[in-house]
Amino acid sequence: MLRKDINELLTQTGPGTPMGELFRQYWIPAMLAEELPENDSPPVRVKLLSERMLAFRDSEGRYGLIDEFCAHRGASLWFGRNEQAGLRCPYHGWKYDYTGQCIEVPSEADNSSFCQNVKLTAYPLVKIGDLLWTYMGDPAKQPPLPEFEFVHVPAEQTYTSKRWQQCNWMQAFEGGIDSSHVTFLHSGGLKTDPLFKGAKGNEYNMKDTKPFFEVADSEGGLFVGARRNAEEGTYYWRITPWVMPAFTMVPPRGDHPVHGHFWVPIDDENCWTYSFDYHPVRALTETERQAMIDGHGVHSKNIPGTYRPAANMDNDYLIDREAQKRGETYSGVAGIAMQDASLQESMGPIVDRSKERLVPADSGIIKARQKLRKAAVALRDEGVTPPGVDPEHHRVRSAAVVLPQAESFLDSCRDAVRATPGVPQSSV
1 MLRKDINELL TQTGPGTPMG ELFRQYWIPA MLAEELPEND SPPVRVKLLS
51 ERMLAFRDSE GRYGLIDEFC AHRGASLWFG RNEQAGLRCP YHGWKYDYTG
101 QCIEVPSEAD NSSFCQNVKL TAYPLVKIGD LLWTYMGDPA KQPPLPEFEF
151 VHVPAEQTYT SKRWQQCNWM QAFEGGIDSS HVTFLHSGGL KTDPLFKGAK
201 GNEYNMKDTK PFFEVADSEG GLFVGARRNA EEGTYYWRIT PWVMPAFTMV
251 PPRGDHPVHG HFWVPIDDEN CWTYSFDYHP VRALTETERQ AMIDGHGVHS
301 KNIPGTYRPA ANMDNDYLID REAQKRGETY SGVAGIAMQD ASLQESMGPI
351 VDRSKERLVP ADSGIIKARQ KLRKAAVALR DEGVTPPGVD PEHHRVRSAA
401 VVLPQAESFL DSCRDAVRAT PGVPQSSV
């Protein structure tokens with residue numbers, strides 16, 4: 001159960017809100033790099049944290065993220081001409097560079113200084129890995145660029161996708177640190193999904209449906225340990241890292257690629273789910289990469305030309321009750337990603353957490369809410385920099401290990417949850 005005012009604090013991310021200002025302390029994914037494939041390619045609408053913007057790549061390859069609307073009379077620059085190192089509004093020809101600076105107003109005299117006083121809101125846009133990242137906070141406090149392992153391994157070792165999720169970021173994110181639902185919701189996928197099946201850890205998942213949770217603080221967020229019974233005298237631990245504000249990793253399975261998510265608010269009722277797979281020490285196989293493209297594992301099969309899943313709330317996620325009866329899927333919805341999204345979206349745009357009845361298995365979610373609330377309030381009231389801003393906090397991994405029952409998961413796995421180049425993931 002959560003008070004209404006706390007729920008609002010956690011879920012509202014527009015300008016001036018405590019959680020919105022928290023997100024603005026970090027570099028966050030703005031879009032996939034594939035959306036701006038070449039210089040002078042068409043501009044792309046981007047809505048983040050309830051701000052409507054436009055992304056473009058100019059003639060010199062520089063990326064810009066600027067206010068969507070022309071400073072003249074408010075026309076959308078999405079209709080503009082991206083040419084000659086700037087974006088020109090087609091209404092009256094006003095032109096802006098990648099920093100949002102107006103560089104030409106055709107109706108003004110050639111020697112006019114009018115342009116110098118016209119500048120749109122703009123944010124930096126930087127390509128790292130498969131993503132374009134932005135920082136929407138105070139330029140004087142801009143942190144160093146992100147150091148998440150999945151964007152720094154060679155291109156042949158990683159794959160990133162994106163999907164629109166029709167709910168608040170918080171209920172999507174909470175699914176990313178909830179390890180107990182895997183045994184039920186994803187039971188079919190553990191047996192058949194090409195990016196999950198065959199791992200020894202799947203057997204432990206299926207045999208022990210009552211995991212014990214232990215949550216430990218980290219410099220950047222939390223480590224959520226889910227403990228299940230393994231062979232006599234041992235436990236199977238699945239360790240999920242969370243880096244504030246919204247980066248999570250799924251514990252690995254065998255030698256399958258490691259995967260995870262970044263949850264980014266579009267507005268208070270929609271978010272982008274960025275899903276990634278990577279292998280720390282080898283290239284993805286053609287079979288693995290094709291499985292990701294086809295929507296297996298944590299990825300979705302999207303409607304061509306969009307980032308909306310083909311299975312969505314308008315078609316009841318293509319639920320197959322016969323497959324559910326046959327035991328092929330637990331919920332009747334196909335695919336790990338859409339099994340999660342269907343239930344998270346079913347809660348409504350913003351779930352009323354005052355009606356919840358939480359249990360010990362929800363301890364990771366409870367502590368994440370507490371940490372987010374504390375950080376947002378400390379930033380608002382005292383200007384305290386939140387955890388996760390420092391790139392050193394990004395160098396984490398998920399892990400799946402079998403340990404003697406007497407050993408602490410965190411003490412035994414400090415190296416396993418550290419992203420070390422050239423070192424394989426710790427996985428069962």
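Position 395, counted from 1, in the sequence shown is what the numbering used here calls 395; the numbers after and before it change by one each time, with no gaps. All residues carry an ideal CB built from backbone N, CA and C; glycine is no exception.
Under the Cβ criterion (8 Å, minimum of three pairs), the stretch 371-381 does not count as touching the stretch 345-360. Between the alpha carbons of Thr385 and Asn202 lies a distance of about 39 Å. With a minimum length of 3 residues, the unbroken runs of beta strand (DSSP E) contained wholly in the stretch 243-271 fall at 247-250, 258-267.
Per DSSP, the continuous alpha helix (DSSP H) segment holding Arg326 begins and ends at 321-326. Around the Cβ of Asp255, a 10 Å sphere holds fewer than 16 other Cβ atoms; the residue is exposed.
Residue burial is scored here from C-beta neighbours: Ala109 has fewer than 16 other C-beta atoms within 10 angstroms and is therefore classed as exposed. C-alpha of Thr99 to C-alpha of Pro245: approximately 26 Å in a straight line. In the DSSP assignment, Pro29 is bridged to Trp133.
Counting other Cβ atoms within 10 Å of its Cβ, Ile239 reaches 16 or more and is therefore classed as buried. With fewer than 16 other beta carbons inside 10 angstroms of its own, Leu358 counts as exposed. Comparing C-alpha distances from Ala140 to each of Leu87, Arg253, Thr160, Arg24 shows the shortest one belongs to Arg24.
Residue state for Phe69 is assigned as strand, using DSSP reduced to three classes.
Gly225: member of the beta strand (DSSP E) spanning 221-229, first to last residue.
A residue is called buried when at least 16 other Cβ atoms come within 10 angstroms of its Cβ; Ile66 meets this threshold and is buried. Assignment of Ser331 by DSSP, reduced to helix, strand and coil, places it in the coil class.
Taking 4 residues as the shortest admissible run, the stretch 302-387 contains the following complete alpha helix (DSSP H) segments, listed from N- to C-terminal end: 321-326, 336-346, 363-382. Taking C-beta atoms as the reference points, Ala283 and Gln157 count as a pair closer than 8 Å. For the pair Ser398 and Val258, the CB atoms are nearer than the 8 Å cut-off.
Scanning the stretch 160-199 from its first residue to its last, the whole alpha helix (DSSP H) runs of 4-plus residues come out as 169-176, 182-185, 187-192. DSSP, read as helix, strand or coil, puts Cys89 in coil.
Looking only at Gly20, Asn7, Val44, Glu174, the smallest Cα-Cα distance to Tyr307 is reached by Val44.
Pro424 is the residue among Leu2, Pro424, Cys115, Glu68 whose C-alpha sits nearest the C-alpha of Val281.
Spatial neighbours of Tyr330 in its own chain (CB-CB distance under 8 Å, excluding positions within 5 residues in sequence) are listed in chain order as Phe184, Leu185, His186, Ser187, Gly188, Gln324, Gln339.
If the five residues before and after Lys191 are omitted, its C-beta is found closer than 7 Å to the C-beta atoms of Lys197, all from its own chain and listed in chain order.
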